[in-house]
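Participant: First residue of the sequence shown: -12, per this note's numbering; consecutive thereafter.
The structure that follows is given in the form of structure tokens.
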Amino acid sequence: MSPEIEDAAQRSQALDPKRSFIVQAPAGSGKTELLTQRTLALLCTVQAPEEVVAITFTRKAAGEMRTRILQALSRAADGETPGAPHEKTTLDLAARVLERSRSLGWELESSPGRLRIQTIDSLCSGLVSRMPLLSSLGGQGRINDNPGEMYLQAARSTLAQLHNSSPDAGHWRESIRVLLRHLDNDHDKTCRLIAGMLPQREKWLRHLADPGNSRLQRQYLEQALTRAVEEELKEVSRLMPLEELPRIARLAGFAASNLQDEDQKSTLERLAGLDSLPGCNCRDHPAWLDLARFCLTKGGTIRRTADKSLGFPAPSGTRDPELKVRLEEMKAQFKACMQTLACIPGLEMRLQEVRLLPGTTYSGSQWQTLEALFDVLRLAAACLQLEFQDQGSVDFTEITTRARQALGTDEDPTDLALVLDSRIQHLLMDEFQDTSISQYQLLLALTAGWTPGDGRTFFAVGDPMQSIYGFREAEVGLFLQARSQGLDHIPLEPLRLTVNFRSQAGIVDWANQAFPRVLPEVEDQMTGSVPYSGSHAFLPPLEDPAVQVHPFFDADFQPESSRIVSLVQQARQEDPGGTVAILVRSRPHLQAALPALRQSGLEYQAVEIDPLSRRPVIQDLCSLARALTHPGHNLAWLAVLRAPWCGLDLEDLAILAADKDAFIVNRIQDQDILSSLSPQGRRRLDRVREILLKFLQQRQRSGLRSQVESCWKALGGPDCLHSQSQRRDADVFFRLLQQRLEHSPHRVVDELENAVAGLYAGPDTSAGQDLQVMTIHKAKGLEFDTVIIPGLGRAPGSDENPLLVWMERTSPRGHTDLLMAPKTATGEDKDPVYAYIQRLMARKTSHEDGRLLYVACTRARKRLHLLGHTGLTEKGLPSKPAGGSLLESLWPAVKDEFERAAATPRDDADTREEHGASAGQTLYRLHQDWQPPRLPAGITTPSDSRPDPGQESIVFDWAGETIRLAGTCVHRWMLTMAEEGIHKWSVKKIRGLKSVFARQLMDLGMLEKSLEEGVDLVQQALENTLNHDTGRWILGPRQRARNEYALSGLDNGQAVAVSMDRTFVDDAGLRWIIDYKISRHSGKDVQRFLDQEQARYQERMQTYARLMQAAEPGPVELGLYFPLLMQWRHWPAGDYSKLQSR
């Protein structure tokens, strides 16, 4: 190593293959190069390359490390002369590896796959696949990158146990009832909250999995709460200056003598009687509370002055000279005392915490809810396991957990663990600060048999200052714990790198000055408190300021967006070949910036940053999907009629929406209403109405994607698009429907918005790499010449409070305590214990916010720009930044810059773009006479000629909707019965599903007043089918059977698409096509009614037969089955085998 590098000794030490290390490698310190060198050094000592295993968190990091090793081997094989000292170290090690490879026959040059460099997810998947039974997955389950739907389904299954009549489920039922009562019987909210707990189950399940866990006993949890409160009192006692107590007592006594309010007076009198600081037991909390009330304002800040409301009358209120002097003296003493307290770091926060500390016992209702939550969450975790089995996929957490199970326990390791124990000699872990609890436990299992001095080593490298993945369950405290205590039984020698090779000196020096004030001063494993560790710049400073702060004093983000544009243009002018990155905390912070970049002609690549949900084509498609799946969704119907394929004016829409109690789908068929529309509006509506009604009638006869996409095309949707990117956006939406909602159209209204919220425009590959826009999290591991960080003043959105909050705390006496509290009951004041734990968690989040800033700033090589806004006080001073914003974390380092900017006279033209009068929204729409492209000669569609058989005018009303929705539900369950096997069904099973029927009907949009009738219809239809010989025959096992079978083709020159409820071949070789009809008939002449139904649907059924025979020649028998009537009609079809089908 070069003597010019200050940490050369540490880097050289890290290559010792006989010792285990944990290395703190700050940003830009050459971590990947060190890992590469360490891996090469270890390969020089082993018998096989597979004995060295390097683990990373991303495929990109694994690929980069593998590439560097292979390049080093290739350069060493070519005899290349290194140009720098660190390159010489790398190539010397690579040459030794090649020599060992040749002597031991590794053939690394031709077999690079023998290098074990992989992601931790890949490692876990490999362990699970090698021990499928022990891992409980039974095989290699694929990893679902978007498991949210599985979490929701598991939550639904959990709540469905409320209606499980099995005696064994009694305990679950009562716990679910308690939880639902706690949440005001809000089923949807409860379901959402349960689903929200499942992604982080690795944190709570290890506590809750065992119902007999003594740590969950009420006594234990209350003792833990007591210790937590006492530790808080010890902290404030440590900070409170004892020498100020006599003055405080004297001031309190003076104030008490001037007050009439007995409660306030008695409080001050108690303070006046203090001759020492209160103790730190829970019984001393009231005394500390008196002290905190005296010293703090209602807003939680240390008082600056005192007035008569506190017992300090104004001196001007008396004519007595001696009294005036006395009052002035006491007020001056109070001010001086408070100034002394205000100068003590952390005291104000601790006094505020004293005022908010909870009691140390749970109320009866709190404990009942907490116990119910334990049960419900265990049940939810079990339901998630069943969902994993049903879907054949798992989430990342499950893979890691199952991999750990595949290795067994320390006392009883599996054969796989023993094999790995003998094979793995050296383990390297990259980005160790991002390790989760389950991943940490996996590392412990992999090294369980290792002992100091046995020749095996563990090498961890990372930077706790860059731990920013708490939302992915990363625990920075694990890094701090390993550094101080080792990896359980493996001692680790701590090393720290200090040289920054990435950023010029100006940026490094600024970071060294700023971040000691941003990050906490003291390290704490439990709260994730990581102090700043300084760096030394390897690169010299550049001319001009390296870091610029751009203050704004307005919540209008247009000026900030304009500044971003000018900074990008300036960077390109000063450094034409340089790279620029715009980094934000969250995507909404770019809401104004992205349009500004586009308007300025600046092409950029955005990595999962530009939400499709804001693009008009996606908004229109969402409205169409909602309208087709829920005819009563008036807002969706109005949006569909406003969309470009129809384009009604606002005046016409107002006419259609005039009757708030009527359904738009009915009003567009009412001739009286249509006659009041504008002539152009009638013409536009006439063109699209029949298309919409046709697809509305056929809804749920085909897959959701097919239904929505076909309707969109028929309306002229593709011709409304102006670019290929819009076409790509539409394709992304249709794929989303197919992947997430294809078989659940009833959930479109509730879930489509959330599903679409996860869609983002792909990067513009034509834009090049010189300007990139991404979140700070995505930028981790990258570097750019110029970094622009806007939106610092914007606070993050608030998340819904979780069902359960918990935190583990280690006391100074070594106790590891578990704090837990249930979510506050709906309509009640916030639970003090819940609020206390949330404040502890907020401290942890605040620490991560500081680290997020550090990551963002250290991406810059040459220039860094920080943009943020705050308000101004009445005196023209900058106000405190928004709570939770990154500017709040950065404030100690940039407050002076904001104050200087606020003191500088500003011209509005310098800070705000001039905006002309709004020209209004441009309405893009198809021409009113637009027609779809014509089919080839001789081919028509049903809309060109005869109507679809069986189709009639749609009049939407809730009474008719009840039977239709019940029919949809029956169709699904008859499909399920057929696919599962009719022999597995019984009347008892059907009756046990009544609550499920109710939920499905509600999801489909059935009104609550119709729900009981709808459930009865579904139950009756299914029971009738089960008890009817014909019904059992139809759903029984058959050859070449298909349910909801879709066919499309040409029928008499028309392009048609159909879906058959059930088709199969019987024992005689006859093909049957059967449709289910959920019809009721209250009259006496049932046979006449059946005749009418057969006549009504005969042409449609014949169409089915013609298409089927074109695809599969042979005799066909057609049938209509009426489960509510326990009747059916069937008849032979003709021979249509010469037609075309596909």
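All residues carry an ideal CB built from backbone N, CA and C; glycine is no exception.
Alpha carbon to alpha carbon, how far is Cys267 from Leu278? Give it in angstroms, no decimals.
Facilitator: In the sequence shown, residue 278 corresponds to position 291, counting from 1. In the sequence shown, residue 267 corresponds to position 280, counting from 1. One C-alpha to the other measures close to 14 Å.
Participant: From the DSSP output, in three-state form, read off Phe502 for me.
Facilitator: The residue labelled residue 502 in the question sits at position 515 within the sequence shown. Phe502 falls in the helix class under three-state DSSP.
Participant: Where does Asp262 fall in DSSP's three states?
Facilitator: Reading the sequence shown from its first residue, position 275 is the one you call residue 262. In the structure shown, Asp262 sits in coil (DSSP, three-state: anything other than H, G, I, E or B).
Participant: For Asn487, does the three-state DSSP call read helix, strand or coil?
Facilitator: In the sequence shown, the residue the question calls residue 487 occupies position 500. Correct three-state label for Asn487: strand.
Participant: Counting C-beta neighbours from all protein chains within 10 Å, is the total for Ala(-4) 16 or more, i.e. buried, or is it exposed?
Facilitator: Residue numbering aside, residue -4 sits at position 9 when the sequence shown is read from its first letter. So Ala(-4) counts as exposed.
Participant: Between which two residues does the beta strand (DSSP E) carrying Met828 extend?
Facilitator: Your numbering for residue 828 matches position 841 in the sequence shown. No beta strand (DSSP E) contains Met828, which is instead part of the alpha helix (DSSP H) from 819 to 844.
Participant: In this structure, does DSSP put Gly50 in helix, strand or coil?
Facilitator: Here the question's residue 50 lines up with position 63 in the sequence shown. Looking at Gly50 - three-state DSSP - the assignment turns out to be helix.
Participant: Taking DSSP's pairing of strands, which residues face His413 in a bridge?
Facilitator: Numbered from its first residue, the sequence shown carries residue 413 at position 426. Note: His413 sits in a beta bridge opposite Val39, Thr444.
Participant: Is the separation between the beta-carbon of Leu672 and that of Ile655 shorter than 9 Å?
Facilitator: Taking the sequence shown and counting its residues from 1, one reaches residue 672 at position 685. Taking the sequence shown and counting its residues from 1, one reaches residue 655 at position 668. Yes; because the gap between Cβ atoms is below 9 Å, this pair is in contact.
Participant: Considering only residues of the same chain and omitting the five flanking positions on each side of Trp960, which have a CB-CB separation below 6 Å?
Facilitator: By one-based count along the sequence shown, residue 960 stands at place 973. Around Trp960: Leu1009.
Participant: Return the residue from the list Leu608, Cys370, Asp496, Gln187 that minimises the CA-CA distance to Phe1130.
Facilitator: This structure does not reach residue 1130, given that the chain is present from -12 up to 1129, and the question cannot be answered.
Participant: Gly17 and Val486 - do their beta-carbons sit closer together than 9 Å?
Facilitator: The count along the sequence shown starts at 1 and reaches residue 486 at position 499. The count along the sequence shown starts at 1 and reaches residue 17 at position 30. Yes, Cβ-Cβ distance for Val486 and Gly17 is below 9 Å.
Participant: Mind the definition here: the stretch 1088 to 1097 touches the stretch 1039 to 1052 only if three or more C-beta pairs lie below 8 Å; say whether that holds.
Facilitator: With the cut-off at 8 Å, the stretch 1088 to 1097 and the stretch 1039 to 1052 touch.
Participant: What span of residues does the alpha helix (DSSP H) with Gly157 cover, start to end?
Facilitator: For the purposes of this step, residue 157 is identified with residue 170 of the sequence shown, where counting begins at 1. That run of the alpha helix (DSSP H) goes 157 to 169.
Participant: The alpha helix (DSSP H) with Met1047 in it runs from where to where?
Facilitator: As a working mapping, residue 1047 is identified with position 1060 in the sequence shown. No alpha helix (DSSP H) holds Met1047; the beta strand (DSSP E) holding it covers 1041 to 1052.
Participant: Pick helix, strand or coil for Met227, following the three-state DSSP scheme.
Facilitator: Counting from one through the sequence shown, the residue named residue 227 turns up at place 240. The answer is coil: DSSP assigns Met227 none of H, G, I, E or B.
Participant: Closest to Thr284 by CA distance: which of Pro783, Ser296, Pro273 is it?
Facilitator: Against the sequence shown, residue 284 aligns to sequence position 297. If we check each option's Cα against that of Thr284, Ser296 comes out closest.
Participant: Kindly list the residues whose CB is nearer than 8 Å to the CB of Leu484, restricted to its own chain and excluding five residues on each side of it in sequence; keep chain order.
Facilitator: By one-based count along the sequence shown, residue 484 stands at place 497. The residues are Asp(-6), Gln(-3), Arg(-2), Val10, Gln11, Ala12, Pro13, Ser16, Gly17, Lys18, Leu21.
Participant: Less than 9 Å between the beta carbons of Val571 and Val760, yes or no?
Facilitator: Position 584 of the sequence shown, counting from 1, holds the residue named residue 571. Position 773 of the sequence shown, counting from 1, holds the residue named residue 760. Going by C-beta atoms, Val571 is nearer than 9 Å to Val760.
Participant: Classify Cys282: buried if its beta carbon has 16 or more other beta carbons within 10 angstroms, exposed otherwise.
Facilitator: Within the sequence shown, the letter at position 295 stands for residue 282. It counts as buried.
Participant: If we call anything under 9 Å between Cβ atoms a contact, is Leu625 one with Ala644?
Facilitator: Numbered from 1 along the sequence shown, position 638 holds the residue referred to as residue 625. Numbered from 1 along the sequence shown, position 657 holds the residue referred to as residue 644. Cβ distance < 9 Å, so Leu625 and Ala644 count as in contact.
Participant: Tell me the DSSP bridge mates of Ser663?
Facilitator: Here residue 663 refers to the residue found at position 676 of the sequence shown. According to DSSP, Ser663 bridges with nothing at all.
Participant: Less than 9 Å separating the beta-carbons of Leu467 and Leu429?
Facilitator: To locate residue 467, count along the sequence shown from 1; it is residue 480. To locate residue 429, count along the sequence shown from 1; it is residue 442. The answer is no: Cβ separation not under 9 Å.
Participant: Per DSSP, Glu1104 forms a beta bridge with which residues?
Facilitator: Translated into the one-based positions of the sequence shown, residue 1104 becomes position 1117. Per DSSP, Trp1059, Pro1119.
Participant: Give the straight-line distance between the Cα atoms of Asp197 and Tyr427, rounded to the nearest whole angstrom.
Facilitator: As a working mapping, residue 197 is identified with position 210 in the sequence shown. As a working mapping, residue 427 is identified with position 440 in the sequence shown. Taking the straight line from one Cα to the other gives about 21 Å.
Participant: Just to confirm the assignment: which complete beta strand (DSSP E) runs, minimum length 3, are found wholly within the stretch 605 to 693?
Facilitator: The qualifying runs do not exist here; there are none.
Participant: Take every Cβ of the stretch 179 to 192, pair it with every Cβ of the stretch 365 to 374, and state whether three or more of those distances are shorter than 8 Å.
Facilitator: Contact holds: three or more Cβ-Cβ distances are below 8 Å.
Participant: Pull up the CB-CB distance for Tyr591 and Leu854, whole angstroms please, since I reckon it's below 8 Å.
Facilitator: Taking the sequence shown and counting its residues from 1, one reaches residue 591 at position 604. Taking the sequence shown and counting its residues from 1, one reaches residue 854 at position 867. Not a contact, Cβ separation roughly 17 Å.
Participant: Restricting to Cα atoms, I'd like to know which of Phe984, Gly979, Val974 is closest to His958.
Facilitator: Here residue 958 refers to the residue found at position 971 of the sequence shown. Among Phe984, Gly979, Val974, the Cα nearest to that of His958 is on Phe984.
Participant: Excluding the 5 residues preceding and the 5 following Leu95 in the sequence, name in chain order all residues of the same chain whose CB lies nearer than 6 Å to its CB.
Facilitator: The sequence position of residue 95 within the sequence shown is 108, counting from 1. If we look at Leu95 and ignore the five residues flanking it on each side, its Cβ neighbours are Ser88.
Participant: What alpha helix (DSSP H) runs, 4 residues minimum, are completely inside the stretch 170 to 213?
Facilitator: Listed in chain order, the complete alpha helix (DSSP H) runs (minimum 4 residues) inside the stretch 170 to 213 are 174 to 184, 188 to 195.
Participant: Within the chosen definition, does the stretch 98 to 109 reach the stretch 44 to 61 through at least 3 CB pairs nearer than 8 Å?
Facilitator: Yes: the two stretches touch, three or more of their Cβ pairs being nearer than 8 Å.
Participant: Between which residues of its own chain and Leu203 is the CB-CB distance below 6 Å, once the five residues before and five after are set aside?
Facilitator: For the purposes of this step, residue 203 is identified with residue 216 of the sequence shown, where counting begins at 1. Closer than 6 Å at the Cβ level, and outside the excluded window around Leu203, lies no residue.
Participant: Quick check on Ser516: does DSSP put it in helix, strand or coil?
Facilitator: For the purposes of this step, residue 516 is taken as the residue at position 529 of the sequence shown. Residue state, collapsed to three classes: strand.
Participant: Judging by CA-CA distance, which residue of Ile104, Ser152, Cys178 is the nearest neighbour of Glu136?
Facilitator: Taking the sequence shown and counting its residues from 1, the one referred to as residue 136 is at position 149. With distances taken between Cα atoms, Glu136 lies closest to Cys178.
Participant: Do three or more CB pairs link the stretch 286 to 293 to the stretch 253 to 269 at distances below 8 Å?
Facilitator: With the cut-off at 8 Å, the stretch 286 to 293 and the stretch 253 to 269 do not touch.
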